[in-house]
Structure formats: C-alpha cells, structure tokens
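Residues 21 to 82 (the working numbering) make up the sequence shown, in order. Only one structure is covered here, and it is reproduced in the block below.
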Amino acid sequence: IKYQEVVMSKQSVKPVLLSEAQIQAIRKIQEQQRHQSGIGVAPTIHEIARGLVDKALQQHLG
21 IKYQEVVMSK
31 QSVKPVLLSE
41 AQIQAIRKIQ
51 EQQRHQSGIG
61 VAPTIHEIAR
71 GLVDKALQQH
81 LG
C-alpha cells in the first residue's frame with residue numbers, strides 16, 4: 021500500500037499518512053462538493069479529511 025503524507029501548517033496538528041485509495045476517495049468528495057457549489061469552489065483535502073475524522077470520532081465516542 022502506498023501512503024501519501026498530509027502535512028498541516030499549524031503546530032498543534034500532526035501529519036497523518038493516508039493511502040492512495042483514501043486520497044482518491046477524498047478527492048472524489050472534493051469534486052462532488054465543487055460541482056454542488058454552483059461557483060466551482062470546494063473545501064481543501066485537509067478540511068475534508070479533518071471533517072471525516074471528526075465525524076468518525078463523534079460516532080465512536082458518542
């Protein structure tokens with residue numbers, strides 16, 4: 021499995037390695053959101069990934 025590093029600029033966050041399949045899935049979400057926006061804008065890959073992790077943690081922790 022190939023992994024790609026997602027690096028954040030803030031000191032309070034840490035980089036996370038994602039597989040190529042995970043990056044592609046996030047890019048697909050990004051393109052869907054760009055298409056839905058009406059003006060062609062979409063959140064960054066980092067924003068989408070953080071949102072997905074937040075959602076998973078909320079479901080796991082209740």
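The C-beta atom is built at its ideal place from N, Cα and C for all residues, glycine as well.
- In terms of Cβ geometry, Ile68 and Ile43 do not form a close pair [threshold 8 Å].
- Distance from the CA of His55 to the CA of Val73, rounded to the nearest whole angstrom, comes to 23 Å.
- With respect to Gln50, Ala41 sits apart: the two C-beta atoms are not nearer than 8 Å.
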